[in-house]
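Enquirer: Take a look at the following structure, please.
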Amino acid sequence: MKRYWIHIILIILLSACVKEADWDVPEDGLKYIVVDGILTNEYKVQYIYLHNNKVNLNDVTLPLSGAEVIISNEDEIYTLIEDPEEAGRYITDTIVGARFSKNYSLLIYYHDRFYSAQAYMIPGETFPELTYKKNDDNDLYHIDYVASSFEAEDPAMWEIQIDWSSVPGYEDRDPETCRKKLLFYTLPTLDVSQVFSPVVEQVNFPAGTKILERRYALTSEHAAFVRTLLLETSWQGGVFPSDPANVTTNLSEGAIGFFGVCAVNSLSLTVTPKKN
Amino acid sequence: MCHTYVKSIVLSITVLLLSTVFIYSQDLSRKITIVADNIPLEEIIREIEEKGDLHFSYSPQSIPASLPISINAQDKSIKYILKKVFRKNGIKYDLVENHIVLRKPGFDPEQDYQADLASGKLFTISGYLKDRASGEVLIGAHVYEKESYEGTATNAYGFYSLTLPAGVHQIVFSFIGYEAVEMTVLLDRDKKLSPEMKESLMTMKEVEIIGRTDKPLFLNEQISEFRFSSKTLAKLPGITGDKDIIKSLQVVPGIESFGDGSSLFFVRGGSSDQNLILIDEVPLYNASHLFGFLSVISPDAISDMEVYKGDFPVKYGGRLSSVVDIKTKDGNMKRFGFGGNIGPYTSTLSVEGPIIREKSSFYLGGRISTLQWLPQLYYKDQEIKVGFFDLNAKLNFKLNDKNRLFGTFYIGNDLLERKTYSSIQTYGIGWNNVLGTLRWNHVFNKKLFSNTTFYVTRYQYLLYLSEDRKEYWKSSISNITLKTDFTWFLNPNNTFTAGMNISSHALDAGNINLNDNSEAGEIPNYNCMEYSFYAGNRQNVGSKITLRYGIRLPLWQDLGPTTVYYFDGNYDVIDTFDVEKNAVYSSYISLEPRINITYQLAPNHSIKAGYSRTTQFLNELNNSISPFTSLAVWVPSGPNIKPRKADQYSLGYFTSLINKKIKFSAETYYKHYYNYIDYAPHANMLYNPLIEGEIRPGEAWSYGLEMMFHKPFGRLTGWIGYTYSRIFAKTPGVNNGSPYRAFQDRPHNLTIFIAYDTKKRWSFSANWILLSGAAITTPVSFYDYNGYVVPIYGEKNNDRLPVYHRLDISVNFRLNKDEVARYKHNLILNLYNVYGRNNPYFLSFNRISDPEGDYVIPADHLHTQELVPTTLSVSEIIPSINYQFKF
Chain H
1 MKRYWIHIIL
11 IILLSACVKE
21 ADWDVPEDGL
31 KYIVVDGILT
41 NEYKVQYIYL
51 HNNKVNLNDV
61 TLPLSGAEVI
71 ISNEDEIYTL
81 IEDPEEAGRY
91 ITDTIVGARF
101 SKNYSLLIYY
111 HDRFYSAQAY
121 MIPGETFPEL
131 TYKKNDDNDL
141 YHIDYVASSF
151 EAEDPAMWEI
161 QIDWSSVPGY
171 EDRDPETCRK
181 KLLFYTLPTL
191 DVSQVFSPVV
201 EQVNFPAGTK
211 ILERRYALTS
221 EHAAFVRTLL
231 LETSWQGGVF
241 PSDPANVTTN
251 LSEGAIGFFG
261 VCAVNSLSLT
271 VTPKKN
Chain Y
1001 MCHTYVKSIV
1011 LSITVLLLST
1021 VFIYSQDLSR
1031 KITIVADNIP
1041 LEEIIREIEE
1051 KGDLHFSYSP
1061 QSIPASLPIS
1071 INAQDKSIKY
1081 ILKKVFRKNG
1091 IKYDLVENHI
1101 VLRKPGFDPE
1111 QDYQADLASG
1121 KLFTISGYLK
1131 DRASGEVLIG
1141 AHVYEKESYE
1151 GTATNAYGFY
1161 SLTLPAGVHQ
1171 IVFSFIGYEA
1181 VEMTVLLDRD
1191 KKLSPEMKES
1201 LMTMKEVEII
1211 GRTDKPLFLN
1221 EQISEFRFSS
1231 KTLAKLPGIT
1241 GDKDIIKSLQ
1251 VVPGIESFGD
1261 GSSLFFVRGG
1271 SSDQNLILID
1281 EVPLYNASHL
1291 FGFLSVISPD
1301 AISDMEVYKG
1311 DFPVKYGGRL
1321 SSVVDIKTKD
1331 GNMKRFGFGG
1341 NIGPYTSTLS
1351 VEGPIIREKS
1361 SFYLGGRIST
1371 LQWLPQLYYK
1381 DQEIKVGFFD
1391 LNAKLNFKLN
1401 DKNRLFGTFY
1411 IGNDLLERKT
1421 YSSIQTYGIG
1431 WNNVLGTLRW
1441 NHVFNKKLFS
1451 NTTFYVTRYQ
1461 YLLYLSEDRK
1471 EYWKSSISNI
1481 TLKTDFTWFL
1491 NPNNTFTAGM
1501 NISSHALDAG
1511 NINLNDNSEA
1521 GEIPNYNCME
1531 YSFYAGNRQN
1541 VGSKITLRYG
1551 IRLPLWQDLG
1561 PTTVYYFDGN
1571 YDVIDTFDVE
1581 KNAVYSSYIS
1591 LEPRINITYQ
1601 LAPNHSIKAG
1611 YSRTTQFLNE
1621 LNNSISPFTS
1631 LAVWVPSGPN
1641 IKPRKADQYS
1651 LGYFTSLINK
1661 KIKFSAETYY
1671 KHYYNYIDYA
1681 PHANMLYNPL
1691 IEGEIRPGEA
1701 WSYGLEMMFH
1711 KPFGRLTGWI
1721 GYTYSRIFAK
1731 TPGVNNGSPY
1741 RAFQDRPHNL
1751 TIFIAYDTKK
1761 RWSFSANWIL
1771 LSGAAITTPV
1781 SFYDYNGYVV
1791 PIYGEKNNDR
1801 LPVYHRLDIS
1811 VNFRLNKDEV
1821 ARYKHNLILN
1831 LYNVYGRNNP
1841 YFLSFNRISD
1851 PEGDYVIPAD
1861 HLHTQELVPT
1871 TLSVSEIIPS
1881 INYQFKF
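Protein sequence lines, in the order shown, are assigned to chains H and Y. Under the working numbering, the residues of the first sequence are numbered 1 to 276, in order. Under the working numbering, the residues of the second sequence are numbered 1001 to 1887, in order.
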């Protein structure tokens, strides 16, 4: 009974009641070009995604095919081609890496219109390894701490790739079910919505899991975009929801999304067994 | 001759007394204590009147009023004292019912009295109205002459002054919830009457007011005003069984609740920071505990609460939408007592009593959340800490007949910490209010009353960034004020008020303190001075028209040291300016005329019309649409933020129905807001030196109709209220510059409140609220970005949440069989949201359903998961049972 009361009170005070809603989206029929791409300093085939917005929440992404895409800086021009294996994915035809002190421009030509964005890169930083923690009620682990969410300087995005497909006991499973990608952020801003943001799904993994931790250095413009992205996604619907508004963009001519250029630092680790 | 005169008075008084409801009878053998050393006779007379519960009649010319008297009568009969004081000094006295008639041999009082009558000479009755049991003053009580209905009401300090022609008058004192007192007064000189009124048992009644048929309530009911007595407050159901003063407001037509668990409210479309909440005249900037589940002031400490929805009296200013004027208890001047409330969520305890009987008193009350230990039991690793406390103390000194001194202190503190699974390791929130006030009431003479107040108040909000709370973000607002008000009861037809105040404000718009006590950034602080002057009059014009008019003149100055940023049309910084200490860099002045007129159409029918202008210099910046009080940042008007102003026009109709048992009022209003504040999309409020650049000023307009049927008396009391209200805004840079409905636009609001006292020990109350859903912005489509599904919005506030409705019930059982028992205790069962209505306050499209069936934010950005629209609501049913006691 005591536990029952505690649950009630905590639900009242902290979580509130979350219920599934049957809500019709009042669509306006407008179509937008969405840009999703980050050029990095890593030498690899660089890519960006182009697609359209979708009417319903769970509609599949609508790739944008047939666009002409160019990325350039003061010295170089890269013409991206649409990946023959994945519609809407535009890739460089060679291995390239972004460089500091260069201003990059993205130019998209589609249906007789030009869309553009500009971005630049700031230096990356090395970082300490994340920490993980054993669950109280089983032998699995979860991410405990990645980085401070607030940092007046040096905003960053942390991409955590987790893979336990080769851990003994999991080899027979579909490898895709044993891989996850988590994102964390360090931002120079504080927001009401960030405080007591909604509960996030907990991703559990076994000892022996390989973790690749990648730090993307964000420019102030990129950090500002990420802030609004989180305000409308991960932080929305908590105790202090903010007034909804459209996520910012650095694209011109009504295109949405963001084109960024980031220095990436990474490290990898393997989850070793430990006590709680 | 003298004998004839006395006989005629006796005859007159006897006839009049036949019709009285309450008569003081005198027993001169009763023992009292009078100790004086060379005190003027007039003062001795006053002391005997007060202690002996009797009244003197004399002509000032007939006795030596300034004659020094010395007497040491400890616990002696009144008769003995009269002999010692009067007979010894050659003054004769006769007892005529409750009057002691004084005369000096050789003086002809009848001739003098007849001369006064013939000349129509006016005399003034003045004094305080008090509760008989506690000595607490009664605010807003009526005092009137029974024949002519000339009358007045006690002011905020229980003082009244009524000027009438010489003669014998029947004076009625009435106050809701108290037995009316009717006294026969021979008005042959200025008199001081401070009767004590007895609380009526069970039913709330105001005997004389009900019975009156030929006059409205002195045309005294002010437009857009609502008063809660402590008795009414006690009847309203509360969310946790503890009565809640701020949530009580939500059942008043024209005042709309944000929703469950919220202390925020909107008055006639105004935003929540446009409400001025005063505790003993001191502004309170955040009136909530536990994010808004409870109000900061314990209801046990309240003696009176008055709410103005517009047409504020001129003494109030600084906010656009409403004034909630809360008066705390002075403390019992007659005996010690204690009281309290024990419940599952909060517990309160208060003690009060005289310091010197009848001269001074204290009140000390505290409340603590009783749920703070619960999370620790369940979450043994102490991941959640939650709790609050508040404490209020009051001292009250009656220095003499002309001077009273009050001191009030309040502190309230909230803390909530939660460790979450996310990149944010520990987050905690805390806020606190501290205020202190010193008030001095001075009666200059029978017609001139003054109150001078000095107060300090500080509110701060903290967001803890580290578990040890050494790193935190903090914003604060504080002010120091000296104010003085004068009330001049010129005659029954004119009551002048005038006053001024000087305030010094200091605001911190949110800085981060790091572990090493350094500040992480440079968010400019604000220092401001505010000067306000006002004057007004309540004037009766003939018997059918009452005018209230006045003017208020506030002046505002912003002073250094600070850094001022100047913005261009795109809100980019174009210049900065470092201001030196005490240098004025911005100032505003505003003229606020206010007038309202009441016209009696016919007996029991009146119409009222009003216009008022209000100005607000302090702005709470917050773009959260949470019903909970969140991290507030207060900034003043300055070079980038012009003062907000509002013009309000209102028109009302008042009548009484069914044998005057039900009051009906209907009121319509139109309000125009200038420099209405909205925000840039995703405005950054918490840690932003350029916060002023996030503001988008515009204009707004609201209009509505409020209707109310109110049954204030009898065993069954309550009201039914309906409000239709709209508010729209037009802001450059928001919604493409097109008009949009404001967030607080909720057109329909129906409230029903019923309270029933049985003849035995049970009492019941219930309220039901029906309210249009809040205006919200919903997506028109979505797009994918790096594993996120991002909403795209069209028009601002294009949609509405579902209709809000809720029923609350409270059942009170008196445990003491004897209603007038010394120890009173009750059990109170409270059911909040009885039928478990799910009233959402927000809608989002970003959750998945996890294997346990909980709705959570997806963490994996590699694989697509099915998202579901979800609504957030605070609670379904909240039961509580409280034990309340009073001794």
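Each residue gets a CB set at the ideal place from its N, CA and C atoms; glycine is no exception.
#1: What in chain B is Cβ-close to Pro1858 of chain Y, meaning under 7 Å?
#2: Please state whether DSSP places His1861 of chain Y in a helix, a strand or coil.
#3: Output yes if chain H places a C-beta closer than 8 Å to the C-beta of Thr1495 of chain Y; else output no.
#4: Please compile the residues from chain Y whose C-beta is within a distance smaller than 8 Å of the C-beta of Pro241 of chain H.
#5: Which chain H residues sit within Cβ distance under 9 Å of Thr1777 of chain Y?
#6: Flag this pair as yes or no: are the beta carbons of Tyr1673 of chain Y and Trp1701 of chain Y separated by less than 8 Å?
#7: By Cβ distance below 6 Å, which residues in the same chain neighbour Asp1647 of chain Y in space, the five residues on each side in sequence not counted?
#8: With C-beta atoms as the reference, is Pro1802 of chain Y less than 8 Å away from Gly1836 of chain Y?
#9: Given that Tyr32 of chain H touches chain Y, what residues does it touch there, using C-beta distances under 9 Å?
#10: How close, in whole Å, do the beta carbons of Gln1170 of chain Y and Thr1184 of chain Y come, if the pair is a contact with beta carbons under 8 Å?
#11: Run the CB neighbour count on Asp172 of chain H, radius 10 Å, all protein chains shown included, and call it buried at 16 or more, exposed below.
#12: With distance defined between alpha-carbon atoms, name the residue in Y:Ala1036, Y:Asp1094, Y:Asn1038, Y:Ala1133 nearest to Ala1821 of chain Y.
#13: How many angstroms separate the CA atom of Gly1652 of chain Y from the CA atom of Ile1411 of chain Y?
#14: Which residues mark the beginning and the end of the beta strand (DSSP E) in which Phe1175 of chain Y is found?
#15: Buried or exposed: where does Pro1554 of chain Y fall if 16 or more other Cβ atoms within 10 Å of its Cβ makes it buried?
#16: Could you pull the DSSP bridge partners for His1605 of chain Y from this structure?
#17: What would DSSP say about Lys1215 of chain Y, mapped onto helix, strand or coil?
#18: Going along the chain, which residues of its own chain have a beta-carbon closer than 7 Å to the beta-carbon of Phe1567 of chain Y, five neighbours each way excluded?
#19: Can you confirm whether the segment 1658-1673 of chain Y touches the segment 1697-1714 of chain Y when touching is taken to mean that 3 or more C-beta pairs between the two stretches lie within less than 8 Å?
#20: Between which two residues does the beta strand (DSSP E) carrying Thr228 of chain H extend?
#21: Going along the chain, which residues of its own chain have a beta-carbon closer than 8 Å to the beta-carbon of Arg227 of chain H, five neighbours each way excluded?
#22: Could you tell me the alpha carbon to alpha carbon distance between Asp1131 of chain Y and Met1529 of chain Y, rounded to whole angstroms?
#23: Quick one: using the 10 Å Cβ neighbour count with 16 as the cut-off for buried, is Lys1398 of chain Y buried or exposed?
#24: Give the DSSP-derived three-state secondary structure of Asp1300 of chain Y in the structure shown.
#25: In chain Y, which residues lie with their C-beta within 7 Å of the C-beta of Ile256 of chain H?
#26: Once you ignore the five residues that flank Ile1595 of chain Y on each side, which residues in its own chain have a CB closer than 6 Å to its CB?
#27: Going by DSSP, what residue range makes up the alpha helix (DSSP H) through Val199 of chain H?
#28: Whose Cβ in chain H lies nearer than 8 Å to the Cβ of Leu1463 of chain Y?
#29: For Glu1306 of chain Y, which of Y:Lys1334, Y:Tyr1285, Y:Asn1275 has the nearest alpha-carbon?
#30: Can you list the residues of chain H that Leu1862 of chain Y reaches, using a CB-CB cut of under 7 Å?
#31: Using 10 angstroms around the beta-carbon of Arg1087 of chain Y, count the other beta-carbons present and answer buried if the total reaches 16, otherwise exposed.
#32: Please tell me whether Val261 of chain H and Tyr104 of chain H are closer than 8 Å, where the distance is taken between their beta carbons.
#33: What's the gap between the Cα of Pro273 of chain H and the Cα of Asp163 of chain H?
#34: Comparing the C-beta of His1289 of chain Y with each C-beta of chain H, is any distance below 8 Å?
#35: Tell me whether the beta-carbon of Ile1255 of chain Y lies closer than 8 Å to the beta-carbon of Leu1249 of chain Y.
#36: At a cut of 8 Å, does the segment 1558-1566 of chain Y reach the segment 1574-1584 of chain Y through at least three beta carbon pairs?
Expert: This is what the structure gives:
#1: Given the protein chain composition of this structure (H and Y), no chain B is represented.
#2: In the second sequence, the residue the question calls residue 1861 of chain Y occupies position 861. The answer is coil: DSSP assigns His1861 of chain Y none of H, G, I, E or B.
#3: Position 495 of the second sequence, counting from 1, holds the residue named residue 1495 of chain Y. It does not: the Cβ of Thr1495 of chain Y has no partner Cβ on chain H nearer than 8 Å.
#4: Mapped onto the first sequence, residue 241 of chain H falls at position 241. Ser1624, Ile1625, Ser1626, Phe1842, Ser1844, Leu1872, listed in chain order.
#5: Sequence index remark: in the second sequence, residue 1777 of chain Y carries index 777 (1-based). Neighbours of Thr1777 of chain Y on chain H, chain order: Asp243, Pro244, Ala245.
#6: Translated into positions along the second sequence, residue 1673 of chain Y becomes position 673. Translated into positions along the second sequence, residue 1701 of chain Y becomes position 701. For Tyr1673 of chain Y and Trp1701 of chain Y, yes; Cβs fall inside 8 Å.
#7: Counting from one through the second sequence, the residue named residue 1647 of chain Y turns up at place 647. Here the set comprises Arg1613, His1672.
#8: Residue mapping note: residue 1802 of chain Y aligns to position 802 of the second sequence, counting from 1. Residue mapping note: residue 1836 of chain Y aligns to position 836 of the second sequence, counting from 1. No, they are not a contact pair.
#9: Within the first sequence, the letter at position 32 stands for residue 32 of chain H. What Tyr32 of chain H touches in chain Y: Ser1781, Tyr1783, Ile1792.
#10: Counted from its first residue, the second sequence places residue 1170 of chain Y at position 170. Counted from its first residue, the second sequence places residue 1184 of chain Y at position 184. Yes, they are in contact, since the Cβ atoms of Gln1170 of chain Y and Thr1184 of chain Y sit about 6 Å apart, within 8 Å.
#11: Reading the first sequence from its first residue, position 172 is the one you call residue 172 of chain H. The residue is exposed, with fewer than 16 neighbouring Cβ atoms inside 10 Å.
#12: Counting from one through the second sequence, the residue named residue 1821 of chain Y turns up at place 821. The candidate whose alpha carbon is nearest that of Ala1821 of chain Y is Y:Ala1133.
#13: Position 652 of the second sequence holds residue 1652 of chain Y. Position 411 of the second sequence holds residue 1411 of chain Y. Approximately 39 Å between the Cα atoms of the pair.
#14: Here residue 1175 of chain Y refers to the residue found at position 175 of the second sequence. No beta strand (DSSP E) contains Phe1175 of chain Y, which DSSP labels as neither H nor E.
#15: Start at 1 with the first residue of the second sequence, and residue 1554 of chain Y comes out as number 554. Buried, because 16 or more other Cβ atoms sit within 10 Å of the Cβ of Pro1554 of chain Y.
#16: Counting from one through the second sequence, the residue named residue 1605 of chain Y turns up at place 605. In DSSP, His1605 of chain Y forms a bridge with Y:Ala1602, Y:Thr1655.
#17: Within the second sequence, numbered from 1, the residue matching residue 1215 of chain Y stands at position 215. In this prediction, Lys1215 of chain Y scores a pLDDT of 44, lower than 50, which makes its location untrustworthy; the coordinate-derived value is nonetheless stated afterwards. Coil.
#18: Translated into the one-based positions of the second sequence, residue 1567 of chain Y becomes position 567. Result list for Phe1567 of chain Y: Val1573, Ile1574, Asn1640, Gly1693, in chain order.
#19: yes
#20: Within the first sequence, numbered from 1, the residue matching residue 228 of chain H stands at position 228. Unbroken run through Thr228 of chain H is the alpha helix (DSSP H), 220-232; no beta strand (DSSP E).
#21: The residue given as residue 227 of chain H occupies position 227 in the first sequence. Leu187, Thr189, Asp191, listed in sequence order.
#22: Sequence index remark: in the second sequence, residue 1131 of chain Y carries index 131 (1-based). Sequence index remark: in the second sequence, residue 1529 of chain Y carries index 529 (1-based). Near 39 Å, if we compare the C-alpha coordinates of Met1529 of chain Y and Asp1131 of chain Y.
#23: Here the question's residue 1398 of chain Y lines up with position 398 in the second sequence. Looking at its Cβ environment, which holds 16 or more other Cβ atoms inside 10 Å, Lys1398 of chain Y is buried.
#24: Locating residue 1300 of chain Y in the second sequence gives position 300, where the first residue counts as 1. In the structure shown, Asp1300 of chain Y sits in a helix (DSSP, three-state: H, G or I).
#25: Within the first sequence, the letter at position 256 stands for residue 256 of chain H. What Ile256 of chain H touches in chain Y: Tyr1783.
#26: Locating residue 1595 of chain Y in the second sequence gives position 595, where the first residue counts as 1. For Ile1595 of chain Y, where only same-chain residues beyond five positions count, the Cβ hits under 6 Å are Tyr1549, Tyr1611.
#27: Position 199 of the first sequence, counted from the start, is the residue given in the question as residue 199 of chain H. Premise fails: Val199 of chain H is in no alpha helix (DSSP H) and is neither H nor E.
#28: The residue given as residue 1463 of chain Y occupies position 463 in the second sequence. In chain order: Leu190, Val195.
#29: Along the second sequence, read from residue 1 onward, the residue named residue 1306 of chain Y stands at position 306. Comparing Cα positions, the closest option is Y:Asn1275.
#30: As a first step, residue 1862 of chain Y must be located in the second sequence, where it is residue number 862. Those within 7 Å of Leu1862 of chain Y in chain H are Arg179, Lys180, Lys181.
#31: Locating residue 1087 of chain Y in the second sequence gives position 87, counting from the first residue. Exposed.
#32: By one-based count along the first sequence, residue 261 of chain H stands at place 261. By one-based count along the first sequence, residue 104 of chain H stands at place 104. Contact: yes.
#33: Within the first sequence, the letter at position 273 stands for residue 273 of chain H. Within the first sequence, the letter at position 163 stands for residue 163 of chain H. Those two C-alpha atoms are separated by around 16 Å.
#34: Taking the first residue of the second sequence as 1, we reach residue 1289 of chain Y at position 289. With 8 Å as the cut-off, His1289 of chain Y does not count as an interface residue toward chain H.
#35: Within the second sequence, numbered from 1, the residue matching residue 1255 of chain Y stands at position 255. Within the second sequence, numbered from 1, the residue matching residue 1249 of chain Y stands at position 249. Yes, Cβ-Cβ distance for Ile1255 of chain Y and Leu1249 of chain Y is below 8 Å.
#36: Judged by Cβ distances under 8 Å, the segment 1558-1566 of chain Y makes contact with the segment 1574-1584 of chain Y, as three or more pairs qualify.
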